[in-house]
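Trainee: One structure follows; several queries about it will come next.
Number of protein chains: 2
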Amino acid sequence: MERIKPRTLSGFMELLPQEQVLFDRMVALLRESYSLYGFTPLDTPAIEASEVLLAKGGGETEKQIYRFTKGDSDLSLRFDLTVPLAKYVSIHYSDLSFPFRRFQIGKVYRGERAQRGRFREFYQADIDVIGDGKLDIINEAEIPAIIYQTFTALGLNRFQIRINNRKILNGLFALYGLEEKAGEIMRTIDKLEKIGAEKVRAILEEECSLSPSVSGQLMDLLSTSDPVTALEERKGENSLLDQGIEELSTVTRYLSAFGVPADHFMVDLTIARGLDYYTGTVYETVMLDHPEVGSICSGGRYDNLAEYYTEKQLPGVGISIGLTRLFFVLQDQKMLNSGIGTAPADVLILPMTEDLTAAISLSTALRQAGIRTQLHCEQKKFKQKLAYADKLSLPFAVFLGEDEVRSHTATVKDLTMGQDLTEEALAALNEQGRYKQITLPVEEAVAYLHRRLAERETLPPILDL
Amino acid sequence: MERIKPRTLSGFMELLPQEQVLFDRMVALLRESYSLYGFTPLDTPAIEASEVLLAKGGGETEKQIYRFTKGDSDLSLRFDLTVPLAKYVSIHYSDLSFPFRRFQIGKVYRGERAQRGRFREFYQADIDVIGDGKLDIINEAEIPAIIYQTFTALGLNRFQIRINNRKILNGLFALYGLEEKAGEIMRTIDKLEKIGAEKVRAILEEECSLSPSVSGQLMDLLSTSDPVTALEERKGENSLLDQGIEELSTVTRYLSAFGVPADHFMVDLTIARGLDYYTGTVYETVMLDHPEVGSICSGGRYDNLAEYYTEKQLPGVGISIGLTRLFFVLQDQKMLNSGIGTAPADVLILPMTEDLTAAISLSTALRQAGIRTQLHCEQKKFKQKLAYADKLSLPFAVFLGEDEVRSHTATVKDLTMGQDLTEEALAALNEQGRYKQITLPVEEAVAYLHRRLAERETLPPILDL
Chain A
66 MERIKPRTLS GFMELLPQEQ VLFDRMVALL RESYSLYGFT PLDTPAIEAS EVLLAKGGGE
126 TEKQIYRFTK GDSDLSLRFD LTVPLAKYVS IHYSDLSFPF RRFQIGKVYR GERAQRGRFR
186 EFYQADIDVI GDGKLDIINE AEIPAIIYQT FTALGLNRFQ IRINNRKILN GLFALYGLEE
246 KAGEIMRTID KLEKIGAEKV RAILEEECSL SPSVSGQLMD LLSTSDPVTA LEERKGENSL
306 LDQGIEELST VTRYLSAFGV PADHFMVDLT IARGLDYYTG TVYETVMLDH PEVGSICSGG
366 RYDNLAEYYT EKQLPGVGIS IGLTRLFFVL QDQKMLNSGI GTAPADVLIL PMTEDLTAAI
426 SLSTALRQAG IRTQLHCEQK KFKQKLAYAD KLSLPFAVFL GEDEVRSHTA TVKDLTMGQD
486 LTEEALAALN EQGRYKQITL PVEEAVAYLH RRLAERETLP PILDL
Chain B
66 MERIKPRTLS GFMELLPQEQ VLFDRMVALL RESYSLYGFT PLDTPAIEAS EVLLAKGGGE
126 TEKQIYRFTK GDSDLSLRFD LTVPLAKYVS IHYSDLSFPF RRFQIGKVYR GERAQRGRFR
186 EFYQADIDVI GDGKLDIINE AEIPAIIYQT FTALGLNRFQ IRINNRKILN GLFALYGLEE
246 KAGEIMRTID KLEKIGAEKV RAILEEECSL SPSVSGQLMD LLSTSDPVTA LEERKGENSL
306 LDQGIEELST VTRYLSAFGV PADHFMVDLT IARGLDYYTG TVYETVMLDH PEVGSICSGG
366 RYDNLAEYYT EKQLPGVGIS IGLTRLFFVL QDQKMLNSGI GTAPADVLIL PMTEDLTAAI
426 SLSTALRQAG IRTQLHCEQK KFKQKLAYAD KLSLPFAVFL GEDEVRSHTA TVKDLTMGQD
486 LTEEALAALN EQGRYKQITL PVEEAVAYLH RRLAERETLP PILDL
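Chains A and B, in that order, are what the protein sequence lines are.
Per the numbering used here, residue 66 is the first one in the first sequence, and the count goes up by one each step.
Per the numbering used here, residue 66 is the first one in the second sequence, and the count goes up by one each step.
Now the structure itself:
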């Protein structure tokens, strides 16, 4: 038979089983965190009609789209979860209640240039709150709490949420009559961390033709350690600026009531997050020890979710986590907690009799008790079966030989206890009700395993000390 | 602005929020059931190189493939989860431990003709056990237990698992020298339920040219109410037949130890499940009250998972649930349990003061207690907010007015209690610690809500009485 060399496309993440368990654990925790804040899960097709998906048109993204025809249909794979949300809300408007709070965790596709840590298929984990006509500022104030709770639940510790309000920059530009240079100026400001204040100021004056006075005022504001106070002093100069200051102050005022520690939060007036879309608060989240990674959770407030589909005004606020890239980074930085228990089962039953009724009955009893159980009935040597358990990090093995079957017992071996335990250590463990190996009546064996497994600590998937 | 009419492609399922919660609950229960049997989760890309995905080539499926080019690459969307598994096991062979037990729940794509209840994008929920060279028959005997446990967990009751062993039919064909007519005969046998024994026998004799004696023996076997006993009498005539009888008898013998009630199981010698792939036990699962739906969970034993990629012999056994179609059928038959609580939050906080600190702090405390909470701070009338809670079926509302904030209390309203409760009924509920409305110190309010929410019954997503 002619064989094809199997391969997975470059730019497509495919995990080994132990890694997949960690990834899935992260997804489960995201779902849980998002649910705590009253978001409902949503799923939309990965394929959409091109004319619908690309209604907004143009832009860098369009080149990256996976677009193709099937029959007469011009189809595209979704490149984010925001456009499908806009479509969804437009179609199902009359069936939804607003504010509509949804989360969606799903794969999106971008045919980017293949590069280490860049993926063509990747998971995004998004939440959005969509208002019908209006949306209160409290929704913007709540987002940092969701970001904080989510990453903390994952086990991340050294991160900081940075926020800005687009009305502040836009108000300043209006104040100085710089609206037409807004894009140019923002791209320059964005380089502040990379090239420093002096160079940014030089570019603002030389290339963007800002007067020294204006560029000086801008740079003062962008460089101050207390932007909120500095902004308060600028009140009354421009109504948009005032509104931005008011909103930023509301968002920061409620932080502590929302449970966000001050050290996990910072106002950063340089954050813009694109030119067209966001209109109010914008968010970025950085790993303090890995600034090179960039923002791991970004988003903001927008005024028109679905203007390409409907005349209805649908303002919203949302954030997105690029989960596949985050997982890659965590793996790369050795920040994944492999100690969380990635074994596919809790108990491996090793029958040693020809008739398997007793072993099978025990597997049924264990499963009914909620214990993940595998029967190992392959024709392999006993040693090979234990090596299998070891390789998969299965915590317990149960032996059922002639003696056990005859006496309705089971022998439970704790595979997590090392070979080199001293007798004293073993005795101390026994006093705690933990045995390296113990033979018990079948029902007691089930109860013993249940108790031992319940004692295990639930650890987060990220190790960040 | 020119607007595009938003639409979702036909053949693509897109659910409303309440439906999505039910769908997700089904997925969660499948994951849980599969995990109880020691299967590890897996995820593979939706896009594969066409040459890899279509290595097997030909067949009905190939026409349905979503195939396209991006740059120089000839790509295809996966049409099932089995070919990606074969690819995965071939690539990662040396990193895996065998038997390798994996489950995968993911979207697959088939450009079928649009038709009610047919989907072009649909979820499959698969499990497979892959052996390295050999795989014990016990793995085949365990599958009915997994099917039984899985559907029971979902809430389905009136279903039956039907099994056969391909070696029996193949052995009989060998015995009668009918190997070359196997396909034709099996297609005919498959019509037994539809057209009846008499017509099947006529076709077997007239079109397949079977002698009356052979067709009579075949029909006797296929029509008997006790095929296992009938088969035992046929032992010794052909070694393949003997092996099939032996395997079928092993699978049925251990059923009760595996916890499968006899009435949920049946041997059905007419089941073939395609010609090429399966070599041993094959499974179908039917809804007893809805035979028109066909099999809702099918699969079987195969000898060569990945012969197109590797010379390694990788036998396996697996089953697949077409989840999207199943969901459609359940919805169509009104068998989805909308009573399971599809609300996006447990508590809606309605602040009635300008300063929101108290309301926000309460939301934080509730979320820390694991209670799904939404703050409703929109500028709407009180009545509109209650209508919102009602429309989303939120079970509890919490009011925080001036009085409550001043006295550090919260007023909890149970929205599940109807307006028309008599005073007696209300008094009886109060005696159980359940109040239509009660004002409590904040901490007690959190504890009260926690207790009330914990009391709720966990119901399965399928209603099958």
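Beta carbons are placed, not taken as given, at the ideal position from N, Cα and C, and that holds for glycine.
1. Closer than 8 Å, Cβ to any Cβ of chain B: which residues of the stretch 481-513 of chain A, in chain order?
2. Taking only the alpha-carbon atoms, compute the straight-line gap between A/S278 and A/R231 and give it to the nearest angstrom.
3. Taking only three categories from DSSP, how would you classify A/E186?
4. Whose Cβ in chain B lies nearer than 8 Å to the Cβ of A/F104?
5. For a cutoff of 8 Å on Cβ pairs, would you count B/D108 as touching chain A?
6. Could you check how far apart the C-beta atoms of B/F163 and B/I192 are, in whole angstroms? I think they sit under 8 Å.
7. By the criterion of Cβ-Cβ separation under 8 Å, what are the contact partners of A/K199 in chain B?
8. Using 8 Å as the limit for Cβ to Cβ distance, is B/F77 near chain A?
9. By how many angstroms is the C-alpha of B/A262 removed from the C-alpha of B/K377?
10. Given this structure, state the Cα-to-Cα distance separating B/I211 from B/S98, to the nearest angstrom.
11. I'd like the span of the beta strand (DSSP E) that includes A/G365, first residue to last.
12. Can you pull the chain A residues whose beta carbon is under 7 Å from the beta carbon of B/V117, in chain order?
13. Mark B/N229 as exposed unless 16 or more other C-beta atoms lie within 10 angstroms of its C-beta, in which case mark it buried.
14. Interface residues of chain A around B/Y131 at Cβ under 9 Å?
15. Give me the subset of the stretch 143-162 of chain A whose CB atoms are less than 8 Å from a CB atom of chain B, sorted by chain position.
16. Based on the DSSP secondary-structure assignment, which residues constitute the bridge partners of A/A462?
17. Is A/I405 near A/T438, with beta carbons less than 8 Å apart?
18. I'd like to know whether the C-beta of B/Q85 is nearer than 8 Å to at least one C-beta of chain A.
19. Between B/T126 and chain A, is there a C-beta pair that is closer than 8 Å?
20. Please determine, among B/T375, B/I384, B/Y374, the residue with the shortest C-alpha to C-alpha distance to B/G365.
21. Might you give, ordered along the chain, the residues of its own chain that have their beta carbon closer than 8 Å to the beta carbon of A/L465, omitting 5 neighbours on each side?
22. Check each candidate in B/E79, B/E67, B/E84, B/L505 and name the one with the smallest Cα separation from B/L395.
23. Report the start-end ranges of each alpha helix (DSSP H) in the stretch 190-257 of chain A that is 4 residues or longer and not cut off at the edges.
24. Alpha carbon to alpha carbon, how far is A/C273 from A/S314? Give it in angstroms, no decimals.
25. State yes or no: is the beta carbon of A/L415 nearer than 8 Å to at least one beta carbon in chain B?
26. Taking the runs of the alpha helix (DSSP H) that are 4 residues or longer, which of them lie wholly in the stretch 376-414 of chain A?
27. Does A/Q439 get closer than 8 Å to chain B when you measure Cβ to Cβ?
28. Indicate the three-state DSSP secondary structure (helix, strand or coil) for A/D291 in the structure shown.
29. Is it the case that the stretch 173-184 of chain A contacts the stretch 280-287 of chain A, given that we only count it when at least three CB pairs across the two stretches are under 8 Å?
30. Just to confirm, is the Cβ distance from A/P71 to B/Y374 under 8 Å?
31. What did DSSP end up calling A/V92 once you bin it into helix, strand or coil?
32. Report the residue ranges of all beta strand (DSSP E) runs contained in full by the stretch 129-176 of chain A; include only those spanning at least 3 residues, in chain order.
33. Determine the chain A residues that contact B/M66 at a beta-carbon separation under 7 Å, and present them in chain order.
34. Could you name the residues of the same chain whose beta carbon sits closer than 6 Å to that of A/D389, not counting the 5 residues immediately before and after it, in chain order?
35. For B/L240 versus B/L334, is the C-beta spacing smaller than 8 Å?
36. If you follow the beta strand (DSSP E) that B/L440 is in, where does it begin and where does it stop?
Mentor: On the basis of the supplied data:
1. Legend: CB atoms of the stretch 481-513 of chain A lying less than 8 Å from CB atoms of chain B are not found in any residue.
2. The sequence position of residue 278 of chain A within the first sequence is 213, counting from 1. The sequence position of residue 231 of chain A within the first sequence is 166, counting from 1. A/S278 and A/R231: Cα-Cα distance of roughly 22 Å.
3. Along the first sequence, read from residue 1 onward, the residue named residue 186 of chain A stands at position 121. Strand, per DSSP.
4. On the first sequence, position 39 is the one that residue 104 of chain A refers to. Neighbours of A/F104 on chain B, chain order: P409.
5. The count along the second sequence starts at 1 and reaches residue 108 of chain B at position 43. The Cβ of B/D108 sits closer than 8 Å to at least one Cβ of chain A.
6. Walking along the second sequence from the start, residue 163 of chain B turns up at place 98. Walking along the second sequence from the start, residue 192 of chain B turns up at place 127. Contact flag wrong, Cβ pair sits at about 15 Å.
7. For the purposes of this step, residue 199 of chain A is taken as residue 134 along the first sequence, with counting starting at 1. Within 8 Å Cβ-Cβ: E443, Q444.
8. Taking the first residue of the second sequence as position 1, residue 77 of chain B is located at position 12. Chain A, which has a Cβ nearer than 8 Å to the Cβ of B/F77, makes this yes.
9. Position 312 of the second sequence, counting from 1, holds the residue named residue 377 of chain B. Position 197 of the second sequence, counting from 1, holds the residue named residue 262 of chain B. Taken atom to atom, the span from the alpha-carbon of B/K377 to that of B/A262 is near 42 Å.
10. Here residue 211 of chain B refers to the residue found at position 146 when the second sequence is read from its first residue. Here residue 98 of chain B refers to the residue found at position 33 when the second sequence is read from its first residue. Spanning the two alpha carbons is a distance of roughly 7 Å.
11. To locate residue 365 of chain A, count along the first sequence from 1; it is residue 300. Start and end: 363-367.
12. Here residue 117 of chain B refers to the residue found at position 52 when the second sequence is read from its first residue. Chain A residues near B/V117: I69, P71, R72.
13. Working through the second sequence from its first residue, we reach residue 229 of chain B at position 164. It counts as buried.
14. Taking the first residue of the second sequence as position 1, residue 131 of chain B is located at position 66. Here the neighbours are I112, F133, K135, L140.
15. So the close ones are A151, K152, Y153, S155, I156, H157, D160, L161, S162.
16. Within the first sequence, residue 462 of chain A is the residue found at index 397, counting from 1. DSSP output for A/A462 lists A/L413, A/K478 as bridge partner(s).
17. As a first step, residue 405 of chain A must be located in the first sequence, where it is residue number 340. As a first step, residue 438 of chain A must be located in the first sequence, where it is residue number 373. No; because the gap between Cβ atoms is not below 8 Å, this pair is not in contact.
18. Looking up residue 85 of chain B in the second sequence gives position 20. B/Q85 counts as touching chain A.
19. Here the question's residue 126 of chain B lines up with position 61 in the second sequence. No, because no Cβ of chain A sits closer than 8 Å to the Cβ of B/T126.
20. Within the second sequence, the letter at position 300 stands for residue 365 of chain B. The shortest CA-to-CA distance from B/G365 to any of B/T375, B/I384, B/Y374 is the one to B/I384.
21. By 1-based counting over the first sequence, the position of residue 465 of chain A is 400. Non-local C-beta neighbours of A/L465 in its own chain, meaning closer than 8 Å and more than five positions away in sequence, comprise I414, L415, P416, M417, T418, A423, A424, L427, A475, T476, ordered along the chain.
22. Position 330 of the second sequence holds residue 395 of chain B. For the residues B/E79, B/E67, B/E84, B/L505, the minimum Cα distance to B/L395 belongs to B/E84.
23. Within the stretch 190-257 of chain A, the alpha helix (DSSP H) runs of at least 4 residues that lie entirely inside it are, in chain order, 203-219, 231-240, 247-254.
24. Position 249 of the first sequence, counting from 1, holds the residue named residue 314 of chain A. Position 208 of the first sequence, counting from 1, holds the residue named residue 273 of chain A. CA-CA distance, A/S314 to A/C273, rounds to 30 Å.
25. Position 350 of the first sequence, counting from 1, holds the residue named residue 415 of chain A. Look at A/L415: its C-beta is not under 8 Å from any C-beta on chain B.
26. DSSP runs (the alpha helix (DSSP H)) wholly in the stretch 376-414 of chain A: 388-397.
27. What you label residue 439 of chain A is simply residue 374 of the first sequence in a count that begins at 1. Closer than 8 Å: yes.
28. As a first step, residue 291 of chain A is located in the first sequence; it is residue number 226 there, counting from the start. DSSP places A/D291 in the coil class of the three-state scheme, outside both helix and strand.
29. With a cut-off of 8 Å, the stretch 173-184 of chain A and the stretch 280-287 of chain A do not count as touching, because too few Cβ pairs lie within range.
30. Counting from 1 along the first sequence, the entry for residue 71 of chain A is found at position 6. Counting from 1 along the second sequence, the entry for residue 374 of chain B is found at position 309. Taking 8 Å as the Cβ cut-off, A/P71 and B/Y374 qualify as a contacting pair.
31. Here residue 92 of chain A refers to the residue found at position 27 of the first sequence. A/V92: helix per DSSP, three-state reduction.
32. Counting only runs of 3 or more, we get 132-135, 138-142, 165-174.
33. Position 1 of the second sequence, counting from 1, holds the residue named residue 66 of chain B. The answer, in chain order, is E372.
34. As a first step, residue 389 of chain A is located in the first sequence; it is residue number 324 there, counting from the start. Per the sequence shown, the amino acid found at residue 389 of chain A is Thr instead of Asp. Within the same chain, Cβ atoms closer than 6 Å to the Cβ of A/T389 are found at M78, F184, F187, Y188, the five residues on either side in sequence being excluded.
35. For this step, residue 240 of chain B is matched to residue 175 along the second sequence. For this step, residue 334 of chain B is matched to residue 269 along the second sequence. No, the pair does not count as a contact, with Cβ atoms beyond the cut-off.
36. Here the question's residue 440 of chain B lines up with position 375 in the second sequence. Going by DSSP, B/L440 is part of the beta strand (DSSP E) stretching over 438-440.
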